[in-house]
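S.K.: Residue numbers (the numbering used here): 1 to 228. Below you will find the structure I want to go over with you.
What follows is the structure, encoded as C-alpha coordinates:
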(Lines of atoms letter the chains of each structure in order from A and count residues from 1; the text may use other names and numbers.)
(Lines give C-alpha, C1' and ligand atoms only; values in the text may rest on other atoms or scores of the structure.)
Protein backbone atom coordinates (compact mmCIF):
# COMPACT_ATOMS: atom_id res chain seq x y z
CA UNK A 1 0.00 0.00 0.00
CA UNK A 2 2.77 2.44 0.93
CA UNK A 3 4.56 1.60 -2.30
CA UNK A 4 1.40 2.32 -4.28
CA UNK A 5 0.95 5.69 -2.55
CA UNK A 6 4.58 6.54 -3.26
CA UNK A 7 4.13 5.72 -6.95
CA UNK A 8 1.07 7.95 -7.12
CA UNK A 9 2.86 10.79 -5.30
CA UNK A 10 5.86 10.57 -7.63
CA UNK A 11 3.56 10.57 -10.66
CA UNK A 12 1.78 13.69 -9.40
CA UNK A 13 5.09 15.39 -8.63
CA UNK A 14 6.63 14.62 -12.02
CA UNK A 15 3.47 15.43 -13.95
CA UNK A 16 2.94 18.76 -12.21
CA UNK A 17 6.63 19.57 -12.52
CA UNK A 18 6.47 19.03 -16.29
CA UNK A 19 3.23 20.97 -16.60
CA UNK A 20 4.43 24.00 -14.65
CA UNK A 21 7.84 23.89 -16.33
CA UNK A 22 6.13 24.16 -19.72
CA UNK A 23 3.54 26.70 -18.56
CA UNK A 24 6.00 29.07 -16.92
CA UNK A 25 8.72 28.39 -19.48
CA UNK A 26 6.38 29.30 -22.32
CA UNK A 27 5.50 32.55 -20.55
CA UNK A 28 9.12 33.41 -19.83
CA UNK A 29 9.97 33.11 -23.53
CA UNK A 30 6.52 34.08 -24.84
CA UNK A 31 8.02 36.67 -27.13
CA UNK A 32 9.14 33.86 -29.42
CA UNK A 33 5.79 32.16 -29.85
CA UNK A 34 3.22 34.68 -28.73
CA UNK A 35 -0.14 33.79 -27.22
CA UNK A 36 -0.82 30.92 -29.63
CA UNK A 37 2.55 29.32 -28.96
CA UNK A 38 2.02 29.66 -25.22
CA UNK A 39 -1.45 28.12 -25.43
CA UNK A 40 -0.27 25.19 -27.53
CA UNK A 41 2.71 24.51 -25.28
CA UNK A 42 0.51 24.37 -22.19
CA UNK A 43 -2.21 22.27 -23.80
CA UNK A 44 0.23 19.80 -25.33
CA UNK A 45 2.18 19.15 -22.15
CA UNK A 46 -1.02 18.64 -20.13
CA UNK A 47 -2.30 16.16 -22.72
CA UNK A 48 0.98 14.26 -22.79
CA UNK A 49 1.40 14.06 -19.02
CA UNK A 50 -2.19 12.89 -18.52
CA UNK A 51 -1.75 10.27 -21.22
CA UNK A 52 1.50 9.01 -19.75
CA UNK A 53 0.61 9.09 -16.04
CA UNK A 54 -3.13 8.58 -15.98
CA UNK A 55 -2.80 4.85 -15.33
CA UNK A 56 -0.62 5.50 -12.28
CA UNK A 57 -2.33 8.26 -10.30
CA UNK A 58 -5.12 9.49 -12.52
CA UNK A 59 -2.83 12.41 -13.40
CA UNK A 60 -4.73 15.10 -11.51
CA UNK A 61 -1.75 17.52 -11.65
CA UNK A 62 -3.99 20.19 -10.15
CA UNK A 63 -5.41 20.66 -6.62
CA UNK A 64 -8.71 21.77 -8.19
CA UNK A 65 -9.03 18.39 -9.91
CA UNK A 66 -8.09 16.55 -6.71
CA UNK A 67 -10.71 18.54 -4.78
CA UNK A 68 -13.29 17.51 -7.36
CA UNK A 69 -12.43 13.86 -6.75
CA UNK A 70 -12.49 14.42 -3.00
CA UNK A 71 -15.93 16.05 -2.83
CA UNK A 72 -17.38 13.25 -4.96
CA UNK A 73 -15.69 10.62 -2.78
CA UNK A 74 -13.46 9.26 -5.51
CA UNK A 75 -10.32 9.65 -3.45
CA UNK A 76 -9.63 9.20 0.24
CA UNK A 77 -8.82 12.42 2.17
CA UNK A 78 -5.36 11.21 3.19
CA UNK A 79 -4.43 10.35 -0.38
CA UNK A 80 -5.87 13.65 -1.60
CA UNK A 81 -3.54 15.44 0.81
CA UNK A 82 -0.58 13.46 -0.56
CA UNK A 83 -1.59 14.45 -4.09
CA UNK A 84 -1.85 18.15 -3.23
CA UNK A 85 1.52 18.17 -1.46
CA UNK A 86 3.14 16.43 -4.42
CA UNK A 87 1.52 18.87 -6.85
CA UNK A 88 2.70 21.95 -4.97
CA UNK A 89 6.18 20.45 -4.54
CA UNK A 90 6.44 19.67 -8.26
CA UNK A 91 5.26 23.15 -9.20
CA UNK A 92 7.74 24.87 -6.88
CA UNK A 93 10.58 22.67 -8.13
CA UNK A 94 9.79 23.71 -11.71
CA UNK A 95 9.66 27.40 -10.78
CA UNK A 96 12.97 27.19 -8.92
CA UNK A 97 14.62 25.46 -11.88
CA UNK A 98 13.45 28.19 -14.24
CA UNK A 99 14.62 30.83 -11.77
CA UNK A 100 18.10 29.31 -12.05
CA UNK A 101 17.90 29.05 -15.83
CA UNK A 102 16.58 32.61 -16.25
CA UNK A 103 18.11 34.54 -13.36
CA UNK A 104 18.17 38.00 -14.88
CA UNK A 105 16.84 38.65 -18.33
CA UNK A 106 13.40 37.08 -17.98
CA UNK A 107 12.75 35.96 -14.45
CA UNK A 108 9.32 34.67 -13.52
CA UNK A 109 7.46 37.94 -13.15
CA UNK A 110 5.56 37.24 -16.38
CA UNK A 111 4.29 33.99 -14.89
CA UNK A 112 3.14 35.37 -11.52
CA UNK A 113 -0.60 35.60 -12.14
CA UNK A 114 -2.38 38.91 -11.59
CA UNK A 115 -5.49 40.50 -13.06
CA UNK A 116 -4.50 42.72 -15.96
CA UNK A 117 -5.61 46.35 -15.89
CA UNK A 118 -5.61 46.79 -19.65
CA UNK A 119 -9.34 46.01 -19.89
CA UNK A 120 -10.29 47.34 -16.46
CA UNK A 121 -11.13 43.89 -15.17
CA UNK A 122 -11.74 43.64 -11.44
CA UNK A 123 -10.51 40.87 -9.17
CA UNK A 124 -14.08 39.59 -8.90
CA UNK A 125 -14.41 39.36 -12.68
CA UNK A 126 -11.08 37.54 -12.79
CA UNK A 127 -12.38 35.17 -10.13
CA UNK A 128 -15.42 34.36 -12.27
CA UNK A 129 -13.29 33.71 -15.34
CA UNK A 130 -10.92 31.41 -13.48
CA UNK A 131 -13.85 29.57 -11.88
CA UNK A 132 -15.73 29.13 -15.17
CA UNK A 133 -12.78 27.78 -17.12
CA UNK A 134 -11.71 25.51 -14.27
CA UNK A 135 -15.30 24.25 -14.19
CA UNK A 136 -14.97 23.37 -17.88
CA UNK A 137 -11.57 21.74 -17.32
CA UNK A 138 -12.77 19.51 -14.48
CA UNK A 139 -16.02 18.80 -16.33
CA UNK A 140 -14.00 17.38 -19.22
CA UNK A 141 -11.82 15.42 -16.78
CA UNK A 142 -14.92 13.75 -15.36
CA UNK A 143 -16.47 13.24 -18.80
CA UNK A 144 -13.38 11.54 -20.21
CA UNK A 145 -11.49 10.01 -17.29
CA UNK A 146 -14.22 9.22 -14.74
CA UNK A 147 -17.34 8.42 -16.73
CA UNK A 148 -17.07 4.76 -17.89
CA UNK A 149 -18.89 5.75 -21.08
CA UNK A 150 -16.36 8.49 -21.79
CA UNK A 151 -13.68 8.46 -24.45
CA UNK A 152 -10.65 8.44 -22.17
CA UNK A 153 -9.29 5.21 -23.61
CA UNK A 154 -9.48 6.60 -27.13
CA UNK A 155 -8.28 10.19 -26.75
CA UNK A 156 -6.49 10.07 -23.37
CA UNK A 157 -5.61 13.59 -22.30
CA UNK A 158 -6.17 15.22 -25.67
CA UNK A 159 -9.55 16.74 -24.83
CA UNK A 160 -8.38 17.94 -21.42
CA UNK A 161 -5.32 19.56 -22.95
CA UNK A 162 -7.47 21.36 -25.52
CA UNK A 163 -9.54 22.93 -22.74
CA UNK A 164 -6.38 24.46 -21.30
CA UNK A 165 -5.32 25.66 -24.75
CA UNK A 166 -8.72 27.28 -25.33
CA UNK A 167 -8.56 28.87 -21.88
CA UNK A 168 -5.16 30.43 -22.52
CA UNK A 169 -6.34 31.81 -25.85
CA UNK A 170 -9.53 33.20 -24.29
CA UNK A 171 -8.57 34.59 -20.89
CA UNK A 172 -4.78 34.36 -20.91
CA UNK A 173 -4.34 38.08 -21.57
CA UNK A 174 -6.76 38.90 -18.74
CA UNK A 175 -5.99 36.54 -15.84
CA UNK A 176 -3.05 34.49 -17.10
CA UNK A 177 -5.37 31.46 -17.32
CA UNK A 178 -3.99 29.57 -14.35
CA UNK A 179 -6.91 27.24 -13.45
CA UNK A 180 -4.48 25.59 -11.05
CA UNK A 181 -3.56 26.74 -7.50
CA UNK A 182 -0.21 24.92 -7.65
CA UNK A 183 0.72 26.65 -10.90
CA UNK A 184 -0.20 29.99 -9.30
CA UNK A 185 1.64 29.37 -6.05
CA UNK A 186 5.01 28.39 -7.53
CA UNK A 187 6.02 31.61 -9.35
CA UNK A 188 4.33 33.73 -6.69
CA UNK A 189 6.53 32.10 -4.04
CA UNK A 190 9.73 32.40 -6.06
CA UNK A 191 9.06 36.00 -7.11
CA UNK A 192 7.24 37.07 -3.91
CA UNK A 193 4.32 38.44 -5.93
CA UNK A 194 1.02 37.83 -4.16
CA UNK A 195 -1.27 40.40 -5.78
CA UNK A 196 -4.75 38.95 -6.46
CA UNK A 197 -3.52 35.60 -5.13
CA UNK A 198 -6.88 34.73 -3.57
CA UNK A 199 -8.52 34.85 -7.00
CA UNK A 200 -6.38 31.95 -8.21
CA UNK A 201 -7.16 29.74 -5.24
CA UNK A 202 -10.84 30.46 -4.63
CA UNK A 203 -11.84 30.54 -8.32
CA UNK A 204 -10.30 27.26 -9.51
CA UNK A 205 -11.14 25.34 -6.34
CA UNK A 206 -14.77 26.47 -6.41
CA UNK A 207 -15.11 25.84 -10.14
CA UNK A 208 -13.48 22.43 -9.91
CA UNK A 209 -15.62 21.27 -6.99
CA UNK A 210 -18.82 22.51 -8.65
CA UNK A 211 -18.01 20.76 -11.93
CA UNK A 212 -17.31 17.46 -10.17
CA UNK A 213 -20.52 17.63 -8.15
CA UNK A 214 -22.63 18.68 -11.14
CA UNK A 215 -21.29 16.02 -13.51
CA UNK A 216 -21.68 13.32 -10.89
CA UNK A 217 -25.23 14.38 -10.07
CA UNK A 218 -26.33 14.72 -13.68
CA UNK A 219 -24.59 11.83 -15.40
CA UNK A 220 -23.34 9.42 -12.75
CA UNK A 221 -26.26 9.23 -10.29
CA UNK A 222 -26.16 5.47 -9.87
CA UNK A 223 -22.42 4.99 -9.98
CA UNK A 224 -20.92 4.29 -6.59
CA UNK A 225 -17.86 6.39 -5.82
CA UNK A 226 -14.66 4.40 -5.73
CA UNK A 227 -11.64 5.52 -3.74
CA UNK A 228 -8.55 6.12 -5.83
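Quick reminder that beta carbons are idealized off the backbone N, C-alpha and C, glycines included.
#1: Do residue 142 and residue 94 have their CB atoms nearer than 8 Å?
#2: Can you check which of these residues, 183, 145 and 28, is closest to residue 54 by C-alpha distance?
#3: Just tell me which of 77, 128 and 21 has its CA closest to the CA of residue 207.
#4: Who are the Cβ neighbours of residue 88 in its own chain at under 7 Å, not counting the five residues just before and after it?
#5: Just to confirm, are residue 212 and residue 68 a CB contact at a threshold of 8 Å?
#6: Could you check whether the stretch 187-197 touches the stretch 77-86, counting it as contact only if at least three pairs of C-beta atoms, one from each stretch, sit closer than 8 Å?
#7: Compare the Cα-Cα distances from residue 50 to each of 40, 62 and 39 and report the closest residue.
#8: Going by alpha carbons, who is nearest to residue 122 out of 23, 42 and 196?
#9: Where do the N-terminal and C-terminal ends of the alpha helix (DSSP H) with residue 90 fall, by residue?
#10: Just the C-alpha distance for residue 36 and residue 46, rounded to the nearest angstrom, thanks.
#11: Please report the residue range of the alpha helix (DSSP H) in which residue 66 lies.
#12: Between the Cα of residue 12 and those of 38, 29 and 83, spot the shortest distance and give me the residue it belongs to.
#13: Could you tell me which of 174, 137, 169 and 25 sits nearest to residue 101, measuring between CA atoms?
#14: Skipping 5 residues on each side, what residues in its chain have a beta carbon closer than 7 Å to that of residue 7?
#15: Between residue 136 and the rest of its own chain, which residues show a CB-CB distance below 7 Å, the 5 nearest in sequence each way excluded?
#16: Kindly list the residues whose CB is nearer than 7 Å to the CB of residue 165, restricted to its own chain and excluding five residues on each side of it in sequence; keep chain order.
M.R.: Let me spell this out:
#1: No, Cβ-Cβ distance for residue 142 and residue 94 is not below 8 Å.
#2: Checking every option, the nearest Cα to that of residue 54 belongs to 145.
#3: That would be 128, whose Cα lies nearest to the Cα of residue 207.
#4: Once the five neighbours on either side are set aside, the close Cβ partners of residue 88 are 182 and 185.
#5: It is a contact, given that the beta carbons lie within the stated cut-off.
#6: Taking 8 Å as the limit for Cβ pairs, the verdict is that the stretch 77-86 does not touch the stretch 187-197.
#7: Considering only alpha carbons, the answer is 62.
#8: Nearest option by C-alpha distance: 196.
#9: Residue 90 -> alpha helix (DSSP H) spans 77-101.
#10: So the alpha carbons of these two residues sit roughly 16 Å apart.
#11: In the DSSP assignment, residue 66 falls within the alpha helix (DSSP H) that extends over 63-71.
#12: The residue with the shortest Cα to Cα distance from residue 12 is 83.
#13: Comparing C-alpha distances from residue 101 to each of 174, 137, 169 and 25 shows the shortest one belongs to 25.
#14: Only 56 meet the Cβ criterion.
#15: Shown here for residue 136: same chain residues with a beta carbon closer than 7 Å to its own, the five before and five after excluded, namely 163 in chain order.
#16: Here the set comprises 39, 40, 42 and 43.
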